[in-house]
Every structure is written in C-alpha cells, then in structure tokens.
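Here's the structure we're looking at; comments come further down.
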Amino acid sequence: MEASAGLVAGSHNRNELVVIRRDGESGPRPLQQLSGQVCQICGDDVGLTVGGDLFVACNECAFPICRTCYEYERREGNQVCPQCKTRFKRLKGCPRVPGDEEEDDVDDLEHEFDWGDDHDSQYLAEAMLHSRMSYGRHGDINNPHVVRPMPQVPLLTNGEMVDDIPPEQHALVPSFMGGGGKRIHPLPFPDHNVPVQPRSMDPSKDLASYGYGSVAWKERMETWKQKQEKFQMARSNGGDKGWDNNNDESDLPLMDEARQPLSRKLPIPSSKINPYRMIILIRLVVAGFFFHYRITNPAKDAYPLWLISVICEIWFALSWILDQFPKWLPIERETYLDRLSLRYEKEGQPSQLAPMDIFVSTVDPMKEPPLITANTVLSILAVDYPVEKVSCYVSDDGAAMLTFEALSETSEFAKKWVPFCKKFNIEPRAPEWYFQQKIDYLKDKVHPSFVKERRAMKREYEEFKVRINGLVAKAQKVPEEGWTMQDGTLWPGNNVRDHPGMIQVFLGQSGGHDVDGNELPRLVYVSREKRPGFNHHKKAGAMNALVRVSAVLTNAPYLLNVDCDHYFNNSKAIREAMCFMMDPLVGKRVCYVQFPQRFDGIDRHDRYANRNIVFFDINMKGLDGIQGPIYVGTGCAFRRQALYGTDAPKKKKPPNRTCNCWPKWCCCFCCCTGSRKKSTKSKQEKKRSGSKSIEIAGPAHTLEGIEEGVRSNEIQKQNMTVEQKLEKKFGQSPVFVASTLLENGGTLKGATPSSLLKEAIHVISCGYEDKTDWGKEIGWIYGSVTEDILTGFKMHCHGWRSIYCVPSRTAFKGSAPLNLSDRLHQVLRWALGSVEIFLSKHCPLWYGYGGGLKWLERMSYINATIYPWTSIPLLAYCTLPAVCLLTGKFITPELSNVASLWFLSLFICIFATSILEMRWSGVAIDDWWRNEQFWVIGGVSAHLFAVFQGLLKVLAGIDTNFTVTSKAGDDEEFSELYTFKWTTLLIPPTTLLIVNFIGVVAGVSNAINNGYESWGPLFGKLFFSFWVIVHLYPFLKGLVGRQNRTPTIVIVWSILLASIFSLLWVRIDPFLPKSDGPLLEECGLDCN
49 MEASAGLVAG SHNRNELVVI RRDGESGPRP LQQLSGQVCQ ICGDDVGLTV
99 GGDLFVACNE CAFPICRTCY EYERREGNQV CPQCKTRFKR LKGCPRVPGD
149 EEEDDVDDLE HEFDWGDDHD SQYLAEAMLH SRMSYGRHGD INNPHVVRPM
199 PQVPLLTNGE MVDDIPPEQH ALVPSFMGGG GKRIHPLPFP DHNVPVQPRS
249 MDPSKDLASY GYGSVAWKER METWKQKQEK FQMARSNGGD KGWDNNNDES
299 DLPLMDEARQ PLSRKLPIPS SKINPYRMII LIRLVVAGFF FHYRITNPAK
349 DAYPLWLISV ICEIWFALSW ILDQFPKWLP IERETYLDRL SLRYEKEGQP
399 SQLAPMDIFV STVDPMKEPP LITANTVLSI LAVDYPVEKV SCYVSDDGAA
449 MLTFEALSET SEFAKKWVPF CKKFNIEPRA PEWYFQQKID YLKDKVHPSF
499 VKERRAMKRE YEEFKVRING LVAKAQKVPE EGWTMQDGTL WPGNNVRDHP
549 GMIQVFLGQS GGHDVDGNEL PRLVYVSREK RPGFNHHKKA GAMNALVRVS
599 AVLTNAPYLL NVDCDHYFNN SKAIREAMCF MMDPLVGKRV CYVQFPQRFD
649 GIDRHDRYAN RNIVFFDINM KGLDGIQGPI YVGTGCAFRR QALYGTDAPK
699 KKKPPNRTCN CWPKWCCCFC CCTGSRKKST KSKQEKKRSG SKSIEIAGPA
749 HTLEGIEEGV RSNEIQKQNM TVEQKLEKKF GQSPVFVAST LLENGGTLKG
799 ATPSSLLKEA IHVISCGYED KTDWGKEIGW IYGSVTEDIL TGFKMHCHGW
849 RSIYCVPSRT AFKGSAPLNL SDRLHQVLRW ALGSVEIFLS KHCPLWYGYG
899 GGLKWLERMS YINATIYPWT SIPLLAYCTL PAVCLLTGKF ITPELSNVAS
949 LWFLSLFICI FATSILEMRW SGVAIDDWWR NEQFWVIGGV SAHLFAVFQG
999 LLKVLAGIDT NFTVTSKAGD DEEFSELYTF KWTTLLIPPT TLLIVNFIGV
1049 VAGVSNAINN GYESWGPLFG KLFFSFWVIV HLYPFLKGLV GRQNRTPTIV
1099 IVWSILLASI FSLLWVRIDP FLPKSDGPLL EECGLDCN
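Each step along the sequence shown adds one to the number in our numbering, with nothing skipped, and position 584 is 632.
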C-alpha cells in the first residue's frame, strides 16, 4: 500500500478506475528469503537464531526441528528428542519448564517465562488441524518425514515392572493429561483419544536419576510451592505495592509478572453496595404497599385525576425497576500495562501486540470543522503503540474536497508533530487542546531543548491552523463548474449524491516517514460510492464500508471507532483496550471494549447534563458486572470477528471424573441415569449416520477409479457450496471473503498494492451490499438512527460479552452541544432511534431468546428502547399539579395516618436510594441533580416528539431527516438557523411552566380568600407544582437567558396561553367566597 499512488477513484458497477495525481509506484518489497533445513515435525523452515546461526534443538544428534516445535515439545510434549531420545536442554531465550532446575549452565531470566505468542499457538493449531504435525500420533503413511513413535514401554512403580496400571492413574503422566486446574496457556486442540507415549526409562536405573522420587526433588517442590503461596498472599494483600523485596523473596521469578492476568475486577466494597441493595428491596416492599393503598382508595370527587395519576405512577415504577436492577452488580476494573509490555514486547524482538485499525467518520465539514477532525487524526497518529500496528481510516461521507485537502495538510504536519509528542511524552496529543492547557507544561520535563522545541512547534501549529482556515474560507463559495484539483482534474465528489468511490493513501509504507526518518502509521482517506436510487444507510453504511476497506488493505484483528470530534486524550488508550482483548483468560469472549465519553468546553454548572455522568459512571458500571456495557457509538474497540456475526466461543466444561471410593453399583447407577439422554441422542445420530453411510456406500461396489471420482466431485461440490454461502453472506469479493477467514488478521500474501486498491474500490461500491447479510447480521446493523445500540445488542445476543474500561487518565474527549436547541436535537435523535428499535423486529422484548443474552442485560436493553414512551405519562403527570390548583381538587383523598406513613416511607426510600447510589459510584450531587432535571426537560420535549415521529416513520413511512449537531463555536448565523428549526421542541416545556405558574397564583389567591383552613390542603398541591417548576428551571433559565435570540413563535405561544388561562381565571373567580354563609341584606338604616 503506497502513499504515492495518488487518489484512486472508480465504480465497480460501471467498470471505471481512475488514478489522479499519480507520481509513481514502486513495487512491493521482496520478502527476505531464509535458507536452512526443514523441520521434520511440521515441515516449516528451521530458521536462524538471534545471532544468525542455524537453530539446533538437540546437541546430541542435531535432529532438524524448528524453534516452535522445540518449545512445544518442551512445554507440552515428552521433552525428548524424537531421534536420539535425549532430553532437550534449555536454550537461551526459551522459557523454563519443569526439570530445568538441574541445568545451571543457562541463566536467562529475561526469557524464563516467555510462553510464546498467539501467532505460534494459531500456527500449531492449524498444523494440527491439517495433520501436518503427526509426531506422537499413529501412522501417516504418505508422509516420509514422520518419525515413528516408540513402542509402548511398561511404566515403573518402585523399580518394578507393572503392566496392569492404567496410564492416567500413574505418577508419570505427561503434563497435559492431568491436573484439572486452569491453565493460562492450554494445549490448543487436545485430543484425549490419541494414546500418549510415556517417557522411556531404563528399569535398571533409579528414579532419582530422572529427577523423580528423590529427596532433593521433593525439597525443591516444597520450596517452590511455599514461594508461590507466599507470593500470592503478598499479591492479594498488598497488590503491587504491598510486599517487600526482602532476602526471603529475592529469588522469586523475575518474569512472573508476564504470566499474570492483564486486568482484574475491583468489586464495590460490601460496606457500600450491601446497604444500597437492601434499600432497593425495602423500596420494592414499600412501593407495593403504596400502590395497594392508591388503588384501593380512589379520590371519588376527582376520579379522572386519580385514575390518570395511578396509571402514570405504575408506569414510573416499572420504568424504575427496568433501570434499577441492571445496576445490582456494579464493578470496576484495573489494567496492568506493564504486564502487557512484558508479555508481548520483548526486548530485541518484534512487538507481538495485535494490529489496530482506527475509524474516523465525518460528513459535512461546514458543521464538523476540519480543524477538529485534523486534531483527532493527529492524536491517532501519535498514539503510544507500535507504528506498524496502527492504521487510521477517515470516512468522508460528504465527499468534500475541503476534507480531502485538510487531511493532506494534516499528513504533512504529522511528520513534525508525531516525533515531538513521542520525544517529550506529552499529553494530550491533539495540538489544539495541548496548547490550550492552563497547567504548568514544564512539569516533569527535564530535556534542555524542550522549551525551544515547544515554541517552534506551537508556531508550526499556528501556521497549520492558518492554512486550514484558508481552506475553509475558500470553500465558502463553490465555483460554478465545481472544484478542481491541483492538476486540473475535476474533483470526483462535486455531486455529493452521485459520485464514485475514492481512496487516497496519505501515509503508507513508502511515504510515511517523519522528519527524523521514523515510520508513521498509515493514513487512508475513504469516500464510498453514492448513486441515486440506493439506500446508503447513513453512518452505519459508512462504517460498514470502512470495515471492508480496512479488511482488504490491512485487515487488523481489532477495530476502534471514534467520531471526528473525539480525540485521544490518553495516548495509551489502545493498550488499555488490549489488556482485555489480548488477555488469554477473558479476551476470547470479549466483543468490544467501551470507554466512557468525556467532553471539553462544558460550563462548570453543566446546565443541560451534557456530561451524562450518571449514565457513564453508574449505569455502565452496573452493566459491566452482568454482560458488559452497551455500545454508545464512539470510543469503542471491537473484535473484527465479532462484527462478522459469529457466535462467541463456548466455555469448555471440564471432563467428568469418577471417584474410586464409591461402590461400583453406585457408579454404574450414576452413569446409567446420567447417560440416558446421551444414549438416545447417540442412537438417533447412529441411525442418521447409518442411513447416510448406506446412501454413500451404494457405489462402493464399483471400480476404485469411479469411487475416487465421486469423492473428488463431492469435495468440489462442498467447496463450491461453502464458497457460495460466504459470498452470499459477505459479498462477491474474493479478497474480502478470504480475509474474513483469518481470525488473527493479516493481508493476503502476494497481492500487489494496485490490486488491493482496485478491490477496495469494489467493496465500497453502492451495490455491494445487495442480497448480503450486511446490516442484518454483519457489521453495524441497519434499521435505526441509533445503530450503536442495535449493533451491541446483536453481539450480546450471540453470546459475546463487552468490557467497560475507565482508565485513570480519560481515554477520549469530545465536543458537546452547548446551547439548548442543539442539546434537545441530540436527545431527539437518540430517542427516535430507541423508538425505531422498539417498533422493529429487533425489540429486546421479543428478540434474541435462546441465545447468549442474560436476563438482566435484556432488562437494560428494554429500558434503553422503552424510555421515550415515558414522555406521555410524564407530560400528563406534570400537568396534574396545575389542574389540581385550578380546580381545587387533588389526586388522593384525605390521607390517614397509615397512608401518610406509606407516602413518607416511599419518599425516604427514594432519597436513600439516590444517596447510596452516589456513595458507591462517586458521582457528585450536582451531577445527579442536573441529570434528574434534564430527564424531565427531555422527557416533555424531545422524547415526546420522538414518539410521534417514530410512529409516523414506522406506520406512515414519513421519514425525518436529521442534520449533524454543530461542533463549532457560537456562530451567530448558524445558531439562528438551528434555533428557528427546532423551536417546536420548546413549546411543551414552556406551556408546562406557564400552566404551573398560573396554578400556583390561583391556588395561593384561593387560599388567601377562603381563610386559614384552606392552607392545609394547599401545601400538597403547591409541593407537587413546585416539583415540576424546579425540574424545569434550567430550561427556563436557558430560555430567558437567550436575550434577543428568544424565538418569536415561543413568545406568541406564551401570550396565547396566558390569554387562555386569564379567561379561565375569570371563570374561576377565586376571590369570591365559595362557602355557604348567611346572605347579607340591607338593614334599611341610612348610615350617612
């Protein structure tokens, strides 16, 4: 993949392929040819040592074995040479195995616990599956290099020959046959049916000569066990900091850290979580008694108000249950980046960390400024990760030449910015935010040239900003003939809705070096093809196009997607994700690692709850204790195979064991009762297989040549059917289909850059997804504007689990909408997506049963799709206080002492739940209160409109087009446009405020007029009304604080509503007494 190849544009359907500004192309570099002997076990090249010499495993007979098979035989096999039966000695750079204690001549603690990498294990697994590793198995006649296993040697017991002891009950058992404990690196594909060859021994020798049964061996084992127990106790008591390196522990394994887990769970302390759980159960009981009283004691004089209020309260209770119980098992996690480096980054060896493809999506550079996108890309190129493992793909779904030119400028500036970041280890690595930091930038900086180079870099960045601003100013006025590139060629994306696919490799293998000559990560510009008449599926379609392009060009096993305004605030964020993805214990079942969203530029009070602290610090931690957090659309690292719709690997159950201490009849009874179902299934399977064998055995009486021809035809048919299924699932791209079969990633060998770019143009064509599973079972799922929730939900239904990673330094930071209109528009989009999912076949209420989705996780997804419907009862409930104040009636009858107790208990439980929740999560009370306020504001405005728009879209087919939320500053003209467009969202909360204000005035006036006795019932109504006004206060403050920018239509609505309620005021006439008192008549006296 060459950076100098120029912009490649074309359409697969139209058979067009154009290369623009192509300066030249250099062929791929030839691979280094290694000459040497062939391994007699796996057939691979033996290879060379670090010093360049031929690798020799056995110093006695020099039997040709490669390093991989040598380490495998030492770790999992018989530890002897297949030819001379001499025990393999430990070579320098190889891990230590049991039995190496006698070899004092090799001191290599650096590689003592180096157990290899995933590439070696995958290679062994493939070799075993293809019967290439046949050593230790019986007969492969066609392979002339197979070494025959030694004949069975009788086992030894106390120096005597004993033949009747089963091998699995003998002391001399190979390491992979017994134990039963958990292994960090188990045998890839153990086959218990294959007979295991025991170690050959001379009966005339004592066992001590082989290291078994001697007193010294027992003492060494006891010492080793004591050291391990002491080490584990020290680790569990004090963690990494609580134990000392005293003289007794100085001989602990230096590299034992590399074998430890890469992460661990941190449960919430029981002193904090147990009271929280208890108050939840108490609240459930109190709520039951409360609803019993509410239903059995209706307000007879205000029956409609009572009925509406009871229905709303029951809905609120169900909504609370759906939201509360997924938070029953909250956890936190801790990662160990040092262990990740010890395991996968050995000194003097290539890094074994997995590659990562990073996706950045953008649409309109006028709403998403190119400078923000450039900062995001620069932070990606400067991450603390091996450069050859990182590839950045920028999706320009608007085909804007402004984005293309800005990305070209960014790639040039990155050649100066990236080495500066890595030289001085600065954070964050987005220049805009780094130079805006109001901190002491000289802290921990000791390099004498730092100040000078920082000033020079700041000047370079300011010049870079001027160039970007110049491009933005130039793009304001589009030429009549369209944009033209530097060589005079028309820009292929002049028509946004009708243009070919475009790919430009800005930084690649040949052109991606910084000013110091070091290699830079890959940077690829992608704009998928768009034609009229095709459904392009917005952001989800763009992300799926990036999945296919990246699979063709780099095919990293892991992906990470961020929005164009979310930059890397932590350069080690990828390493944080890899601590979970590459963990040998839990990594195989992890589909994605979700990071929390944090934002810059939000005011201190966070008036509109932009930070979403309650969701990210409470709800997501609760879900992490069940099956993992939901996918929130950005800041998420994926496993590529999980995006391909595969099921999660199933946990292997340990084999059943029988105990010799039970009588035989008991064991027989247990075996018979436990195997009835299995026997019936096996009989049915035998019948099926028998019928198949009869059908296949029909031609067996013919000639052998015909039989071989039939078999070859069957194999060809099977291969064709498999290939057709893959093409129907993934699309008709042989390169991409072949890449999906590589679980550990990697591109196809022998493919040229030009052929890969041509195939990449093919996979981003607008008709590629037709009649495939894309958007249905593969990639980002279509059918909702919130494709993130739907995509994560499908993965969890396949049995995968996700991880919530909250590093000490925030991983990503982004921009949030500041004004009220943009914030309500953002909430409206999220709510509409939830309504679409609720009305689709993927609704969690009825989809995904029988899969791997846990019931508490299902409750969380139900809550995520059903919450917009709460807007209807919430609007009615917020209107009830004003109606009660205006009519003089209430939703409850006169309360008795018992009823007052239940009401008071419920309020206490609600407050206690919130306080204890803030206690274990660490959320401040200000953040919690802002979240409560905006729940009401969004519920009576954006959520309400989302319900009606979702019904119109699903039932009537009326689609609502959304524009992207503005990421820019306070541009006067742009803000006015948004204010005018979304003023309808402001009408319901404004109406509620006016109604409740009028109700308060009417109620107080009525109480003043009717005397002292009317104040008692008034307090409950006033509390009810003030509850609504206090929750809507941020909305009121934002509405009034807009000064001359208050929408005219809101003013008209306010005057209209004030006039209506003024007429109601006159009709009610609260100043006239309503009590039946004596009639006053004239006395007939002239007082004058």
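Built from N, CA and C at the ideal position, the CB exists for glycine as well.
Who are residue i's beta bridge partners in DSSP?
i: G58; result: L65 and G549
i: I826; result: W822
i: H561; result: E567
i: G862; result: F647
i: N609; result: F407 and C684
i: F512; result: Answer by DSSP bridge pairing: none, since F512 is not bridged.
i: K578; result: H547
i: I328; result: In DSSP, I328 forms no bridge with anything.
i: K348; result: Note: K348 sits in no beta bridge, so no partner.
i: Q642; result: C684 and Y852
i: V358; result: For V358, which the question treats as bridged, DSSP gives no partner whatsoever.
i: L555; result: L571
Report yes if the CB atom of residue i is closer than 8 Å to the CB atom of residue j, and no otherwise.
i: S919; j: G987; result: yes
i: A994; j: L838; result: no
i: P1082; j: F982; result: yes
i: V783; j: L774; result: no
i: L450; j: P413; result: yes
i: S619; j: V431; result: yes
i: W968; j: G670; result: no
i: Y509; j: P479; result: yes
Could you give the residue range of the alpha helix (DSSP H) that holds residue i?
i: D665; result: It is not in any alpha helix (DSSP H) - D665 carries neither H nor E in the DSSP assignment.
i: N979; result: I973 to G987
i: K464; result: M449 to F472
i: T1039; result: I1035 to N1058
i: C90; result: It is not in any alpha helix (DSSP H) - C90 carries neither H nor E in the DSSP assignment.
i: R123; result: R115 to E124
i: E480; result: P479 to Q484
i: N617; result: It is not in any alpha helix (DSSP H) - N617 carries neither H nor E in the DSSP assignment.
i: D836; result: E835 to C845
i: M966; result: N945 to S969
i: T421; result: P418 to L429
So, under 8 Å CB-CB, residue i and residue j are touching, yes? Tell me the CB distance rounded to an integer number of Å.
i: Y324; j: D444; result: About 47 Å separates the two Cβ atoms, so there is no contact after all.
i: V610; j: T682; result: 5 Å
i: Q131; j: C109; result: 5 Å
With respect to the beta strand (DSSP E) encompassing residue i, which residues constitute its N-terminal and C-terminal limits?
i: E395; result: That residue, E395, is in no beta strand (DSSP E); it is neither H nor E in DSSP.
i: D444; result: V438 to D444
i: R138; result: Where R138 is concerned, there is no enclosing beta strand (DSSP E), given that its DSSP letter is neither H nor E.
i: P1137; result: With the chain running from 49 to 1136 in the structure shown, residue 1137 is simply not present.
i: P315; result: S311 to P315
i: R381; result: I379 to T383
Going by alpha carbons, who is nearest to residue i out of the options?
i: L833; options: G998, K842 and A521; result: Reading off the sequence shown, one finds Val at residue 833, where the question assumed Leu. For the residues G998, K842 and A521, the minimum Cα distance to V833 belongs to G998.
i: F472; options: I487, S456, P496 and A462; result: P496
i: I956; options: F136, R331, Q131 and P130; result: R331
i: Q874; options: N658, P540 and L370; result: N658
i: E501; options: P801, E528 and K470; result: K470
i: L419; options: V811, H614 and P434; result: H614
i: G798; options: I327, G970, R623 and L601; result: L601
i: W848; options: K902, L868, S888 and L876; result: K902
i: V984; options: K525, F364 and S575; result: F364
i: H846; options: G862, I826 and R857; result: I826
i: D386; options: M843, A350, T116 and S311; result: S311
i: A808; options: L1033, M907, P548 and W976; result: P548
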